[in-house]
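Chemist: Top line first, the protein sequences correspond to chains A and B.
Position in the first sequence (from 1) plus 961 gives the number in our numbering.
Position in the second sequence (from 1) plus 963 gives the number in our numbering.
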Amino acid sequence: MHAVCDTPQVSEHSGVQDGHAPGGAESVVLRARGLTKQYRRVRAVDGVDLTVGVGERVALLGPNGAGKTTTLLMLLGVVTPDDGFVEIAGHRLPRERSRAAERVGFAAGYLPLPERLRVREFLHMFGRLYGIADPEPQITLGLERFGVTHLATAMGNELSSGQRTLIGIIKATLHRPRLLILDEPTASLDPDVALRVRTGLAELCAADHTALLVTSHDMVEVSRLCERVVFISSGRVVADGTPDAVAASFGRDDLEGVFLHLAEERERVT
Amino acid sequence: MITKTRWLRVSAVARRHAYVLQRAPQRWFDVVFWPVVDALLFGSLGVYFSRQSSAGAAGVAYLLAGILLFHVVFQAEISLSTGFMEETWSRNLLNLLVTPLTEVEYVAGVVLFGLVKLALGVGTVALAAWALFAFDVTTLGLALVPLVAILLVVGWSVGLIVISLILRVGQGAEILAWGLLAMVMPLSGIFYPVSALPGAIQPISRALPTTHVFAAAHEVVAGHSLPWSQVGWGAFGAVVLAIASTFLLVHMLAVFRRRGYISRHT
C-alpha cells in the first residue's frame, strides 16, 4: 500500500510496494514519504506517501485545493516540504535536485511559452538545458509525434492554449525522461487535441518506458490513460489503486462518482 | 572545471537572452539610447562648466570618465536583473526551476550575455564621448582594467540583490533594478568629489566601493598615477558586497522554496 489513509484503500494496483518493487530499487522511479506542507494556517499537504514504478502511468486526483499541485511542486523540488523526503531515480532532493531533474520532465497546461522565442528555439533551449548537445532530432520527433510540425517557426505568443500544451509536453519529453509529470495537461483542450495528447503520451510511455504522473479533472481521460489512480483530499491520500478498484471501494460506478463524493465531503467539512 | 553539460546549460540561457534583445526593441534603450543621452548630457554639462571656470578640457573628461564608468556598473546590474525579470514577465520561471539548471549556471548564462550588452552599452558611451566631445577613453590606459573589474563585481552584486528581493517580495521589487543604482549614483562621487556631499552623508559615501573606484578614476583623469590604496578599498568593498549578495540570494531562494512563492509566477 502506498498511502497513509483514513478512508477506503485498494490493494490491486502496480506491483511496486512501499518503494521496494519486485526486481529491486531500480524499478521505482519516484519515491516520496511523509510529504507535509503548511502554508500559514492551511495544511496543504499532510503526510503524503507516493511511489511510482518504472513505466507506470499514475493519476493524482482530487478536488480543487486538495493539495495536488503542491505535492507535484514538492516532487519537482520547487517547493521544500516541511517534512518528508522525495527521491527520483535514486537521487534524493534537495541535495541531488539537478541530477534528479535530468530524469524528470514537467509540463503544465497553465504555463505559457516565453513571448520572444519561436517554438523551435524554445525547444532547442530546453533540450540544451537537459544536456542534449544536438536536440534537433528529438525536436523533430516530438513535433511529428504530436502532429504539430507546422508550429516549429511560430512565436510562443502566437499559439493557442492547446498548441502551447502540446509544445510544453514536447519540451518535457525531449530528454526522454524516466518520469513525466503533467499538471492538468488537457485542461481547455478540444476533444481531438486531447485525444492526440493521450495517444502521443501512451506511445511515448511505451517507447521509452517512461513513467507518468498526471493530475487531471477529466475522469474519462484518466481512466483511458492511467492504470493507477491516487486520490488526494485535504492534503491526504485517501485512495490508491486501479480506477475500477478505487471506484468500487467507494461504492461508486466510476472515478467521477468518487471525485464528486470527495468534493461533497470536503465541502461539508469546510 | 566547467563540464560540457554545464556549458550547454549556460550557453542555452545566454542564447535565450540574445533572442530577447534581438526581438525586444525597448531593450535597446538600455544599451544604445541611454548611453548616447548620458554622454551628450554630461559632456555638454562639462563643456558649459569648464567655460565658466578654469577647469577646461579636464572638466569635460572628469564628467565623461564618470558616466562611462557608471555605465559599467549600470549595464552589469541591469543585464542581470532584467534578465531574471524577463523570466518572471514571461512566466518561464517554473519551466526553468524544474530543469537540471543550477542557480550558478543560470547566473553565469545571464552574466555571459550581459557582457555582450555591457560591451555594446559602454562602447556606445565611449564612441559618443569620442565623436561628440573628442574624449578618448583609452587615455585612461591600463588603469581601466582594475577599475572596470571592480565595477563589474559591484554591478553583478547589486543585480543579485535585486533578484533576491524579487524572489522575496515579488514583482513589486522590480523598480529596484533601476532604483538601487539611482541611490548609489549621487553617493559615489561620480561627477563631483565626495567632499561636495553634505557632511552627514559623506561616511555613507566612503563605505561604498564605487566611491573609491571613481575617486581613483578621477585621479588618473587628472594625470596622476593610479592610487592603489583607493583601488584596494574598492576591491575590498566589492568582495564584501559580492559575498553578502550571494548569501542573500541563497537565503531568499530557500525562503522562496519554503513558502511556495512560485505560485506568484505561474
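A virtual CB, placed ideally from N, CA and C, is assigned to each residue, including glycine.
1) State the beta-bridge partners of residue 998 of chain A as determined by DSSP.
2) Helix or strand or just coil, what does DSSP make of residue 1037 of chain A?
3) Let me know the secondary structure DSSP gives residue 1018 of chain A once reduced to three states.
4) Going along chain B in order, which residues have a C-beta closer than 7 Å to the C-beta of residue 1148 of chain A?
5) Should residue 1113 of chain B be labelled buried (16 or more other beta-carbon atoms within 10 Å of its own) or exposed?
6) By the criterion of Cβ-Cβ separation under 8 Å, what are the contact partners of residue 1070 of chain B in chain A?
7) Name the chain B residues that come within less than 7 Å of residue 1059 of chain A, Cβ to Cβ?
8) Assign residue 985 of chain A to one of three DSSP states: helix, strand, or coil.
9) Cβ of residue 1215 of chain A within 6 Å of any heavy atom in the ligand SAM?
10) Given residue 1169 of chain A, which residues of its chain have a CB within under 6 Å of its CB, disregarding the five upstream and five downstream residues?
11) In terms of residues, what are the limits of the alpha helix (DSSP H) holding residue 1123 of chain A?
12) For chain B, is any of its Cβ atoms less than 7 Å away from the one on residue 1012 of chain A?
13) At least one CB of chain B closer than 7 Å to the CB of residue 1126 of chain A: is that the case?
14) Please report the distance separating the alpha-carbon of residue 1050 of chain B from that of residue 1205 of chain A.
15) Looking at the strands, I want to know which residues DSSP matches up with residue 1048 of chain A.
16) If I follow the unbroken alpha helix (DSSP H) through residue 1107 of chain B, where does it start and stop?
17) For residue 1194 of chain A, which of helix, strand or coil comes out of DSSP?
18) When the cut-off is 7 Å and only beta carbons count, does residue 1042 of chain B lie next to chain A?
19) Taking residue 1064 of chain A and residue 1113 of chain A to be in contact with their CB atoms under 8 Å, please state how far apart those CB atoms are, rounded to whole angstroms.
20) Would you report the Cα separation of residue 1206 of chain B and residue 1130 of chain A, rounded to the nearest angstrom?
21) Between which residues of its own chain and residue 1196 of chain B is the CB-CB distance below 6 Å, once the five residues before and five after are set aside?
22) Between which residues of its own chain and residue 1154 of chain B is the CB-CB distance below 6 Å, once the five residues before and five after are set aside?
23) How would you call residue 1134 of chain B, buried or exposed, if buried means at least 16 neighbouring beta carbons within 10 angstroms?
24) What are the start and end residues of each continuous alpha helix (DSSP H) run of 4 or more residues lying completely inside the segment 1157 to 1190 of chain B, in chain order?
25) Can you give the Cα-Cα distance for residue 1122 of chain A and residue 1049 of chain A, rounded to whole angstroms?
26) For residue 1046 of chain B, does the count of other Cβ atoms within 10 angstroms reach 16, so buried, or fall short, so exposed?
27) Check each candidate in B:1034, B:1123, B:1221, B:1164 and name the one with the smallest Cα separation from residue 1139 of chain B.
28) Listed in chain order, which residues of the segment 1074 to 1099 of chain A have Cβ atoms closer than 9 Å to some Cβ of chain B?
Modeler: The short version:
1) Working through the first sequence from its first residue, we reach residue 998 of chain A at position 37. Note: residue 998 of chain A sits in a beta bridge opposite A:1006.
2) Within the first sequence, residue 1037 of chain A is the residue found at index 76, counting from 1. In this structure, residue 1037 of chain A counts as coil in the three-state DSSP scheme.
3) Position 57 of the first sequence, counting from 1, holds the residue named residue 1018 of chain A. Residue 1018 of chain A falls in the strand class under three-state DSSP.
4) Translated into the one-based positions of the first sequence, residue 1148 of chain A becomes position 187. Within 7 Å Cβ-Cβ: nothing; residue 1148 of chain A doesn't reach chain B, min ~13 Å.
5) Locating residue 1113 of chain B in the second sequence gives position 150, counting from the first residue. Answer is buried; the Cβ neighbour count reaches 16.
6) Stepping through the second sequence from its first residue, residue 1070 of chain B is reached at position 107. What residue 1070 of chain B touches in chain A: nothing, since even the nearest Cβ is about 14 Å away.
7) The sequence position of residue 1059 of chain A within the first sequence is 98, counting from 1. Residues of chain B passing the Cβ test: 1063, 1065.
8) Here the question's residue 985 of chain A lines up with position 24 in the first sequence. Note that residue 985 of chain A scores a pLDDT of 45, beneath 50, so its modelled location is shaky; the value from the coordinates is reported in the next line. Correct three-state label for residue 985 of chain A: coil.
9) The ligand SAM is not among the ligands present in this structure, which contains no ligands whatsoever.
10) Locating residue 1169 of chain A in the first sequence gives position 208, counting from the first residue. Excluding sequence neighbours, residue 1169 of chain A sits near 1137.
11) Residue 1123 of chain A sits at position 162 when you count from the first residue of the first sequence. That run of the alpha helix (DSSP H) goes 1122 to 1134.
12) Start at 1 with the first residue of the first sequence, and residue 1012 of chain A comes out as number 51. No, its Cβ sits nowhere closer than 7 Å to a Cβ of chain B.
13) Against the first sequence, residue 1126 of chain A aligns to sequence position 165. Not one chain B Cβ lies under 7 Å of residue 1126 of chain A.
14) Here residue 1050 of chain B is taken as the residue at index 87 of the second sequence, counted from 1. Here residue 1205 of chain A is taken as the residue at index 244 of the first sequence, counted from 1. For residue 1050 of chain B and residue 1205 of chain A, the distance between alpha carbons rounds to 42 Å.
15) Position 87 of the first sequence, counted from the start, is the residue given in the question as residue 1048 of chain A. DSSP, once it has assigned bridges, lists A:992, A:1053 as partnering residue 1048 of chain A.
16) Taking the first residue of the second sequence as position 1, residue 1107 of chain B is located at position 144. Its alpha helix (DSSP H) spans residues 1107 to 1132.
17) What you label residue 1194 of chain A is simply residue 233 of the first sequence in a count that begins at 1. Strand.
18) Within the second sequence, numbered from 1, the residue matching residue 1042 of chain B stands at position 79. Cβ-Cβ to chain A under 7 Å: no for residue 1042 of chain B.
19) If you number the first sequence from 1, residue 1064 of chain A lands on position 103. If you number the first sequence from 1, residue 1113 of chain A lands on position 152. So it is not a contact: roughly 27 Å between Cβ atoms.
20) In the second sequence, the residue the question calls residue 1206 of chain B occupies position 243. In the first sequence, the residue the question calls residue 1130 of chain A occupies position 169. About 39 Å.
21) For the purposes of this step, residue 1196 of chain B is taken as the residue at position 233 of the second sequence. Closer than 6 Å at the Cβ level, and outside the excluded window around residue 1196 of chain B, lie 1175.
22) Numbered from its first residue, the second sequence carries residue 1154 of chain B at position 191. These residues qualify, in order along the chain: 1026, 1029.
23) By 1-based counting over the second sequence, the position of residue 1134 of chain B is 171. When all chains shown are included, residue 1134 of chain B counts as exposed.
24) 1165 to 1170, 1172 to 1184
25) For the purposes of this step, residue 1122 of chain A is taken as residue 161 along the first sequence, with counting starting at 1. For the purposes of this step, residue 1049 of chain A is taken as residue 88 along the first sequence, with counting starting at 1. Looking at the two C-alpha atoms, the distance is approximately 30 Å.
26) Here residue 1046 of chain B refers to the residue found at position 83 when the second sequence is read from its first residue. Buried is the call here.
27) Position 176 of the second sequence, counting from 1, holds the residue named residue 1139 of chain B. The option with the nearest alpha carbon to residue 1139 of chain B is B:1123.
28) 1074, 1075, 1076, 1077, 1078, 1079, 1082, 1083, 1085, 1086, 1087, 1088, 1089, 1090, 1091, 1092, 1093, 1094
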